[in-house]
Structure formats: structure tokens, C-alpha cells
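> Just so you know, we're using this note's numbering here: the sequence shown kicks off at 6 and counts up by one.
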Amino acid sequence: MSKTVFILGAGASIPYGYPSGPKLVSLILDSLDPNYLFKFSYKNKFPGSGNIMESEITQTFSDHGLYVKHGFSTNLIAEFSEALKNSNKDSIDSFLLERKSYYEIGKFAIANCILKCENPTEFQATNQNWLKYLWNKINQSRNDFISRDISFITFNYDRLLEYYFYTSLKYSFDMSDKEIMDALNSKQIIHLHGVVGLLPWQDQENGFDYNYTGSDINSVYNRVSKASKNIKIVYDRVEEADQNFDRTYDLLKDANRIYILGLGFHNLNLSRLKIQNLDKRIICSAFGLTKHECDLIESQYPMQLQLDKIGYDSLEFLRNYLTLK
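#1: Around the C-beta of H297, are 16 or more other C-beta atoms found within 10 angstroms, so that it is buried, or is it exposed?
#2: Flag this pair as touching only if the segment 287-302 and the segment 313-322 have three or more C-beta atom pairs under 8 angstroms; answer yes or no.
#3: Counting only runs of 4+ residues fully inside the segment 235-297, write out the alpha helix (DSSP H) ranges in chain order.
#4: With DSSP as the reference, label L13 as helix, strand or coil.
#5: For L71 versus Y169, is the C-beta spacing smaller than 8 angstroms?
#6: Of the choices R104, E109, P39, whose alpha-carbon is the least far from that of V229?
#7: Taking the runs of the beta strand (DSSP E) that are 3 residues or longer, which of them lie wholly in the segment 136-188?
#8: Suppose you measure from the CA of I80 to the CA of K121; what does that come to, to the nearest Å?
#9: Can you check which of these residues, F178, C118, D154, is closest to S146 by C-alpha distance?
#10: What is the DSSP secondary structure of S304, counted as helix, strand or coil?
#11: Can you name the start and end residues of the alpha helix (DSSP H) that Q129 belongs to?
#12: Terminal residues of the continuous beta strand (DSSP E) containing L120?
#13: How long is the line joining the alpha carbons of G212 and S233, rounded to whole angstroms?
#14: Counting Cβ pairs, one atom from each stretch, are 3 or more of them under 8 angstroms apart for the segment 17-28 and the segment 113-128?
#15: Rounding to the nearest angstrom, what Cα-Cα distance links K330 and T9 in this structure?
#16: Who are the Cβ neighbours of G53 in its own chain at under 8 angstroms, not counting the five residues just before and after it?
#17: Cβ of D38 within 8 angstroms of Cβ of H69?
#18: Give me, in chain order, the residues of the same chain whose beta-carbon lies closer than 8 angstroms to that of N216; leave out the 5 immediate sequence neighbours on both sides.
#19: For L13 versus F150, is the C-beta distance shorter than 8 angstroms?
#20: Identify the residues that DSSP records as bridge partners of G199: which are they?
#21: Where does the unbroken alpha helix (DSSP H) through L101 begin, and where does it stop?
#22: CA-CA distance, D284 and M308?
#23: Are the Cβ atoms of L278 and L257 separated by less than 8 angstroms?
#24: Quick one: is I57 buried, meaning 16 or more other Cβ sit within 10 Å of its Cβ, or exposed?
#25: By the DSSP assignment, the beta strand (DSSP E) with L312 in it spans what residues?
#26: On a CA-only basis, which of N272, D182, H271 is nearest D208? Give me that one, please.
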């Protein structure tokens with residue numbers, strides 16, 4: 006069976022409620038504003054009529070309080086906000102490349118804003134559900150999913166892939182938790198920038214559910230604090246990050262087919278993937294890019310990258326280009 010690798014950028018997660026690069030910057034700036042209030046809901050269990058009942062409670066708090074609780078001074082928060090806003094950067098990663106003094110608060114901000122986007126109902130609401138399309142191509146049976154040699158390389162911090170495939174396996178087949186874990190562990194999912202946390206099936210002690218909930222600001226803070234430690238800025242030359250890029254290159258070298266979805270084609274990202282060293286064609290979605298922009302990107306990697314100039318979104322891109330054998 007052929008080996009297929011998917012490389013994912015922010016655009017691949019947008020249909021599921023996650024932000025683009027510019028939108029993430031906007032969300033971070035909102036979160037730094039002491040006057041900006043965020044509402045979240047959670048289920049509160051209480052005894053009633055002899056049974057345990059649930060009511061939904063909505064709390065409102067300032068994200069600014071999370072930063073203060075973590076130990077960031079109000080001066081630092083204000084300075085970070087002012088610098089990010091006036092940099093006019095459309096990517097928080099690009100901003101942090103040159104402003105290393107803001108690494109820690111930047112990572113905390115990323116974790117906070119990504120976790121707030123976790124919403125399982127987005128999966129059913131989107132009409133661009135490319136994961137559903139892919140899932141139905143690879144799940145004719147549990148063995149079909151396990152035997153497929155499919156890997157995912159993602160620049161995204163979110164836990165979308167892990168949650169989606171776990172949920173789909175759980176409700177598609179009569180499988181024990183261990184069987185589901187084994188099936189998922191048969192697939193490589195590499196987060197090049199780190200990930201905002203583990204799910205309960207990945208780590209019973211430290212994992213937490215895919216949903217932005219909490220009984221109070223302390224429980225929300227604990228999630229964000231824990232998640233921020235897992236964020237890795239791509240420009241950090243740390244051993245673990247380098248190992249992930251090395252693993253990625255090995256996968257790309259051995260792949261029969263490579264597809265890129267939702268990537269911004271930042272030169273540094275492409276060079277660290279060593280795209281220029283590959284002797285194979287990579288089919289890329291290019292939603293939102295002009296023909297001229299596509300031509301410029303292809304001219305830098307003429308032997309490797311083939312961009313879709315029609316402008317398909319991720320779902321339509323797979324419907325028109327995906328081949329699985």
C-alpha cells in the first residue's frame with residue numbers, strides 16, 4: 006500500500022473554528038485588552054429529584070486576568086500588545102522571530118487563544134469538512150484504517166486531528182479504548198510547533214477534554230498554563246524541534262504521495278522541511294492565493310511544488326486531487 010503524507014497549515018483547521026494567522030493575531034490582541042471580556046459555559050451537576058441533574062452555567066471573565074495570574078506584569082502585557090499591534094505582522098510566529106523577549110507571554114497567548122477555539126459542534130456545522138471526506142475514504146473497516154500508511158505533518162498547535170479520529174473510531178466501530186489507542190498510534194501525527202495539550206486517551210493523568218470549559222477561572226488558567234509549556238516557536242533551535250523536522254523529512258523522502266493543505270508557504274517553513282531536496286511532486290492547495298502568487302511560489306521550488314490555481318478549499322481540493330491506493 007502506498008505511503009501518503011499530508012502537510013497541514015492553519016487553513017486546514019479554519020473550517021473547524023480555528024483562526025488563520027492574521028485572525029490569531031487579532032484574537033491575541035483582544036485577549037490582552039483588560040476591557041475585553043470572554044464568556045464560556047460549563048455543565049454544573051447538582052442533585053435533583055433523586056437524580057443528578059445538569060445545568061449550563063455561563064461565566065464571564067477578562068483574559069487579561071489569566072496573564073496577570075501567570076505572573077506577567079501589567080506593563081509587560083501592555084508593551085507586548087502595543088508591539089504586536091504596531092508591528093503589522095500577520096503571524097504571531099513571524100513577530101516572535103525578532104522579538105524574543107516576548108517568547109513566554111507569546112506562547113501563553115497562543116495557548117489561550119487556540120484552546121478557546123476548541124468546539125466539537127464546529128465539526129457538524131462546517132460545510133467544508135475535509136476530514137469527514139478523508140475519513141470516509143479510509144475507514145471501510147477498522148483494519149482498513151489501521152493498514153493505511155497515512156501520516157500527518159502539522160504546523161498547527163491544535164488537537165483537531167487526534168480528537169477527530171478518536172471520536173470517529175469510537176462511534177464507528179465496536180472497539181475498546183485500548184484498541185482505539187493502538188489504531189491511532191499506528192498513525193504518525195507530528196506537531197512541528199508543539200501542541201496545546203494531550204487528550205485523556207493520550208494521558209489519563211495530564212490529558213484534558215477537547216472543549217473550552219472549566220468551573221472557574223482557576224481551572225481555565227490551569228489548562229492554559231499547562232498548554233503554553235508545550236508550544237514551540239519554529240525558530241527555536243531546540244533538540245526536540247529539530248528531531249521532529251528530521252522525522253518529517255524521513256517521512257517525506259519515503260512518501261509516494263504528498264499533499265499540502267492550508268499552508269502559508271513561508272520560506273523558513275519550507276526550507277526547514279527541506280522541500281528543495283525532495284525529488285518528487287507535492288500537490289498543494291492554494292485557497293486565497295492569486296495565480297501570480299502561486300507562480301512565484303512554484304518558481305522557488307519548480308521541481309517539487311504544484312499549486313492548485315483554481316482556488317479550491319481543502320474539501321474541494323481533496324475531491325479533485327486525492328488518490329489513495
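Glycine residues also receive a C-beta, built at the ideal position from the N, C-alpha and C atoms.
Straight from the coordinates:
#1: H297 comes out exposed.
#2: In short, these stretches touch, since the Cβ pair count reaches three.
#3: The DSSP assignment places complete alpha helix (DSSP H) segments of no fewer than 4 residues inside the segment 235-297 at 244-259, 272-277, in order along the chain.
#4: The answer is strand: DSSP assigns L13 an E or B state.
#5: Y169 is positioned such that its CB atom lies no closer than 8 angstroms to that of L71.
#6: V229 has its Cα closest to that of E109, out of R104, E109, P39.
#7: Complete beta strand (DSSP E) runs here, min 3: 154-159.
#8: Note that residue 80 corresponds to Asn in the displayed sequence, not to Ile. When rounded, the distance between both Cα atoms is 24 angstroms.
#9: Nearest C-alpha to S146: F178.
#10: Residue state, collapsed to three classes: helix.
#11: Taken as a continuous stretch (DSSP letters only), the alpha helix (DSSP H) holding Q129 covers 127-130.
#12: Membership of L120 in any beta strand (DSSP E) is not indicated; the residue belongs instead to the alpha helix (DSSP H) covering 108-120.
#13: Those two C-alpha atoms are separated by around 14 angstroms.
#14: Three or more beta-carbon pairs separated by less than 8 angstroms link the segment 17-28 to the segment 113-128, which places the two stretches in contact.
#15: Taking the straight line joining both Cα atoms gives about 9 angstroms.
#16: Its pLDDT being 45, under 50, G53 is placed unreliably in this model, and the value from its coordinates should be taken loosely. Around G53, the same chain offers no residue with a beta carbon nearer than 8 angstroms, after the five sequence neighbours per side are excluded.
#17: Yes, these two residues count as a Cβ contact at 8 angstroms.
#18: Around N216: E123, N124, P125.
#19: Going by C-beta atoms, L13 is not nearer than 8 angstroms to F150.
#20: According to DSSP, G199 bridges with I236.
#21: That run of the alpha helix (DSSP H) goes 97-103.
#22: D284 and M308 have their C-alpha atoms some 7 angstroms from each other.
#23: With a cutoff of 8 angstroms on beta-carbon distance, L278 and L257 are scored as near each other.
#24: In this predicted model, I57 has a pLDDT of only 44, less than 50, meaning its place in the structure is not dependable enough to derive any value.
#25: Under the DSSP assignment, L312 falls in the beta strand (DSSP E) whose first and last residues are 310-312.
#26: By alpha-carbon distance to D208, the top candidate from N272, D182, H271 is D182.
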